[in-house]
Amino acid sequence: MPKDSAKRIWERFQNESLTSKDLLAATDRKPIRIIPGVKIVKIGGQSITDRGRAALYPILDEIVENRRRGKKIMLFSGGGTRARHAYQIALDLELPSGFLAAVGGPIALQNARMLQMLLAKHGGIHIGAEQFEMLPLFFKLGCIPIMLGMPPYTYWEEIPLKGSIPDNRTDTGTFLTGEFLGADSVLYIKDENGLYTEDPKKNPKAEFIPKITVSELKKMDLGDLVVERVVLEYLSRAKNIKFIEIFNGLVKGNVTKALSGKHTGTRIYKD
Amino acid sequence: MKEPEKDFSRFHVKSRFMRESLMDKGVMESTVKENQLAILPEHNVIMIGGKSLMDRGKKAMYPLVEEILENQPNYGMVLSVSGGLRMRHSYSVALDLGIPPGGLTMLAGTIEEQNCRMLYALLAKHGGVRMVRDNFEELAMYLYSGMLPIVVPMPPHFWWEKPPKYGNIPADGADYGIFMFAEVLGARSLIYIKDQDGLYTSDPAKNPKAEFIPKIGVSELLARDMEELIIERNALEMLSRARAINKIYIVNGLKRGTLTAALEGREADAGTVIYQD
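Residue numbers (the UniProt record's numbering), protein chains in the order written: chain A, 1 to 271; chain B, 1 to 277.
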């Protein structure tokens, strides 16, 4: 596709509307990778952190070991059961979705802080948006940066497609960080082997899907998904991320396997 | 000694979403609400175009400020200014450097800060006050003491910009951000001030035959799939899903009286109205 030069785009910017589809299309290009080789890992809230030590400690042991071997790993926290409780109360009070996002975020923040306390002795460092531009330093020092998975949209959360629970939650924030930094995949540690045709906790006959593309998955129109629905939309438009992988962190060795780039759970590929 | 079996069970807080997948369609459906609490329902949100007004300087901004002040005794207002030409320039340089959309968002906010500071300078002696996003919950204090809070319109997406549908320009820009701000507050009205009378069938600056559209439903407008629009697509998309804001005004800030007409709800004198249909 022919793309306008930067000078030509500046000329057009002065005279055309930024809503012009033709002008927007002319700005299409592959961005640079900000931190090449970064590994983006989310630790599920309800699926892992809420299970406490038994689930979390072995996962962190593997993370630390992989960091020691030189992998640049960035961790993200989920919300989990307390976020759900907060959503229920906020919903009952008939609050707008922006308020649900604003009360859901602090729970992921608690979980990020707990991860930091556990990992401090191995270089775990909790960062907010204010420290985001210091990531190169933290990686150089051998740290494991930890962020809450929730994107910072808070009161500016978009209106959900269905219902009132924010569409953009911790899977999304994790994904978007990876896409910005230039990761080529995002790893989601959950308590299931990956994606099934139905929730395997409810239907033991649900079939496992080891790999699938976004468009194939959309065609299946599943009633339930293992990852936030908007992540699939963003993956289909991503410039850096080629796939996301959801795998079972309760199985020993899976974290190391996935971090080594081996197919571990379900991979959802950009078409 | 044999190692005891690991207990992987969860610590739960009891709630209706406990053990549920929030991605489940049935669960999502169960959260559909008829009503949404209005947080600040008496106040109006006004968005001043950066390129269309602020970039024109005194001759555009002074009369507009006068009109805002004339309405101050009757209407509580939150004001905002978008980036304009310098923002577009930052975009074109950043694009050339290969910076991803989240980086462009970070740059845009800086330019809006400049414009909001300049608006603050014009309004300070009349109660203009800058409200940074962290002080969102102080908004009631400003408004109920008759002040004019000035907010940056870009939503706080920062580096977490969603990959845009078209090209590399952030799709959730100033128009979208101020829409979400008005929506979450359940504001009385949302008015976009531009340098055109409102919406036309095509750009009237380029096509003299372009027809003016005084009133249109948002789904009808989106279905027309126009090549360009007077307001960001995602802001319109949000209007079509909105629970609180059911219409927006687009008025010509270079024409005295159109802002007042919109505040008073006189649609016929207030440019274009896009409503939820």
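The beta carbon of each residue, even a glycine, is placed where N, CA and C say it ideally should be.
For Gly-124 (chain A), the enclosing beta strand (DSSP E) stretches over residues 124-126.
In summary, the residues of the stretch 129-158 of chain B whose CB is separated from some CB of chain A by less than 7 Å are Phe-136, Pro-155, Pro-156, His-157 and Phe-158, in the order they occur in the chain. Looking at the backbone, the Cα of Arg-69 (chain A) and that of Thr-256 (chain A) are separated by about 11 Å.
By the C-beta density criterion, Ala-187 (chain B) is buried, having at least 16 other C-beta atoms within 10 angstroms. Cβ-Cβ distances below 7 Å link Ala-242 (chain B) to Glu-183 and Gln-276 in the same chain, with the five nearest sequence neighbours on each side left out; the list follows chain order.
Counted as a single uninterrupted DSSP element, the stretch harbouring Lys-215 (chain B) is not any alpha helix (DSSP H) but the beta strand (DSSP E) occupying residues 215-217. Rounded to the nearest angstrom, the gap between the Cα atoms of Gly-271 (chain B) and Leu-119 (chain B) is 23 Å.
Under the three-state reduction of DSSP, Tyr-120 (chain B) is assigned to helix.
Spatial neighbours of Gly-253 (chain B) in its own chain (CB-CB distance under 6 Å, excluding positions within 5 residues in sequence) are listed in chain order as Leu-53, Leu-64 and Ile-193. The C-beta distance from Ile-191 (chain B) to Ser-80 (chain B) rounds to 10 Å, too long to meet the 8 Å contact threshold. Where Thr-272 (chain B) is concerned, the enclosing beta strand (DSSP E) starts and stops at 272-275.
With fewer than 16 other beta carbons inside 10 angstroms of its own, Met-117 (chain A) counts as exposed. For Thr-177 (chain A), the uninterrupted alpha helix (DSSP H) segment begins and ends at 170-181. For Ser-17 (chain A) against Glu-228 (chain B), the beta-carbon gap comes to about 4 Å, under 8 Å, which counts as contact.
Ser-260 (chain A) and Val-186 (chain A) have their C-alpha atoms some 13 Å from each other. The Cβ atoms of Ala-244 (chain B) and Leu-185 (chain B) sit closer than 9 Å to each other. According to DSSP, Ile-268 (chain A) shares a beta bridge with A:Ile-212 and A:Ile-244.
If you check the CB distance, Ser-82 (chain B) and Pro-153 (chain B) come in under 9 Å.
Scanning chain B for C-beta atoms nearer than 9 Å to the C-beta of Phe-180 (chain A) yields Pro-100, Pro-101, Gly-102, Gly-103, Trp-159, Trp-160 and Glu-161, reported in chain order.
For the stretch 21-32 of chain B, the beta-carbon criterion of a distance under 9 Å to any beta-carbon of chain A is satisfied by Ser-21, Leu-22, Met-23, Asp-24, Lys-25, Gly-26, Val-27, Met-28, Glu-29, Ser-30, Thr-31 and Val-32. Of all residues in the stretch 26-55 of chain A, the ones placed with a Cβ closer than 8 Å to any Cβ belonging to chain B are Ala-26, Thr-27, Asp-28, Arg-29, Lys-30, Pro-31, Ile-32, Ile-34, Gln-46, Asp-50, Arg-51, Gly-52, Ala-54 and Ala-55, in chain order.
Note: Ser-189 (chain B) is bridge-paired with B:Asn-44 in the DSSP secondary-structure output.
Against chain A, the beta carbon of Lys-6 (chain B) has neighbours under 7 Å at Ala-54, listed in chain order. The Cβ of Phe-76 (chain A) sits no closer than 9 Å to any Cβ of chain B.
A distance below 9 Å separates the beta carbons of Leu-40 (chain B) and Leu-143 (chain B). The way I'd put it, the stretch 193-200 of chain A doesn't touch the stretch 32-45 of chain A; fewer than three beta-carbon pairs between them come closer than 8 Å. The beta-carbon distance between Ile-274 (chain B) and Ile-216 (chain B), rounded to whole angstroms, is 6 Å. This is short enough to meet the 8 Å contact definition. Within chain B, the residues Gly-102, His-157, Trp-159, Trp-160, Glu-161, Lys-162 and Pro-163 have their CB atoms less than 9 Å from the CB of Leu-176 (chain A), given in chain order. Going by DSSP, Arg-130 (chain B) is part of the beta strand (DSSP E) stretching over 128-130. Taking C-alpha positions only, Met-131 (chain B) is separated from Glu-137 (chain B) by approximately 10 Å.
With its beta carbon at least 9 Å from every one in chain A, Arg-224 (chain B) lies outside the interface.
The three-state secondary structure of Asn-115 (chain B), taken from DSSP, is helix. Counted as a single uninterrupted DSSP element, the beta strand (DSSP E) harbouring Met-74 (chain A) occupies residues 73-77. One alpha carbon belongs to Trp-160 (chain B), the other to Leu-176 (chain A), and they sit about 5 Å apart. The C-alpha of Leu-259 (chain B) is placed about 14 Å away from the C-alpha of His-43 (chain B).
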